[in-house]
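For reference, the structure discussed in these notes is given below.
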Amino acid sequence: MTNFLSHGNIAQAGDTCVVYCTFAHIYSIKLAHGEVFQTKYGALKHDDVIGRTYGTKVQCSRGYVYVLRATPELWTLTLPHRTQILYTRDISLVTLQLDLKPGSVVCEVGTGSGSMTHALARTVAPNGHVYTFDFHEHRAQVAQKEFQEHGLNSVVTCAHRDVCQDGFGIEGLADAVFLDLPHPWKAVDAAASALKPGCGEWNSFVNISAVSVL
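Letter by letter, the sequence shown follows residues 1 to 214 in UniProt numbering.
Written out as structure tokens, the structure is:
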């Protein structure tokens, strides 16, 4: 199992790793004995990757690729899109504005594809926590499975919840709140309740739909 919070150097069966072909051709795969992944340079046998050091050049049938350890940045580039996502530049700015650091507790509304969540988890680990919510039940379930496979369960709690109607379910616990919603103003009161008394930061990603309403 991949652990996005550790720095293991050896590829193992069950790991999610990143296959780098070119700058425009980069993919994430889950390693399994006997499996084959097709690249622009031909077939990549998983068994040729398992047991190798991350960063190694691995031969395919018509060329070679590099196999890299998964990180939040690389996952953002290769994840399966269930929604629009934030990319590393925006994530870095939001993290700075929220003043997040190891030990912080942060609430994210709009789990989506989990791009932001992976970055938040690494930032607040090992003693902090990310509470992430999505109103779409299937998206929340798929995201929860990914967080478990990626070794983030100790720092991420994912829930199916409409915080605009039902609130966050936590009171006075968060150091910061991030809202990635079509109508973020509807969650402001709930966000205020989730923040620690007398402190806390909140930030919202305003999309085109929200701007048109404003």
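Beta carbons are placed, not taken as given, at the ideal position from N, Cα and C, and that holds for glycine.
Predicted model only: the values in this text are computed from it and were never measured.
Identity of the residues DSSP links to residue i by a beta bridge
| i | result |
| --- | --- |
| glutamate 108 | Thr132, Phe178 |
| histidine 138 | Answer is none; histidine 138 lacks a bridge partner. |
| histidine 25 | Thr22 |
C-alpha distance - residue i paired with residue j, whole-angstrom precision
| i | j | result |
| --- | --- | --- |
| cysteine 17 | alanine 24 | 17 Å |
| glutamine 59 | valine 49 | 9 Å |
| glycine 55 | aspartate 162 | 41 Å |
| histidine 150 | phenylalanine 135 | 22 Å |
| tyrosine 20 | lysine 45 | 14 Å |
| isoleucine 208 | glycine 114 | With a pLDDT of 43 at isoleucine 208, under the threshold of 50, the modelled position of this residue cannot be trusted, and the question is left open. |
| arginine 52 | alanine 140 | 33 Å |
| alanine 159 | valine 109 | 10 Å |
Bounding residues of the beta strand (DSSP E) (the contiguous stretch that carries residue i)
| i | result |
| --- | --- |
| threonine 39 | 36 to 39 |
| cysteine 158 | 156 to 160 |
| leucine 68 | 63 to 69 |
| glutamine 84 | From DSSP, glutamine 84 is part of no beta strand (DSSP E); its letter is neither H nor E. |
Endpoints, the alpha helix (DSSP H) within which residue i is located
| i | result |
| --- | --- |
| threonine 16 | Segment 16 to 22 is the beta strand (DSSP E) holding threonine 16; no alpha helix (DSSP H) there. |
| alanine 190 | 188 to 194 |
Contact check, residue i vs residue j, beta carbons under 9 Å
| i | j | result |
| --- | --- | --- |
| valine 177 | cysteine 107 | yes |
| tyrosine 64 | tyrosine 41 | yes |
Residue i beta carbon near the ligand COA (any heavy atom closer than 8 Å)
| i | result |
| --- | --- |
| isoleucine 50 | Annotation note on the ligand COA: not contained in the displayed structure, which lists no ligands. |
Meets three-Cβ-pair contact criterion under 8 Å: the stretch 79 to 88 and the stretch 52 to 68: no
The stretch 82 to 91 in contact with the stretch 2 to 19 per 3-pair CB rule at 8 Å: no
Validate contact between the stretch 93 to 107 and the stretch 178 to 187 using beta carbons, cut 8 Å, 3 pairs: yes
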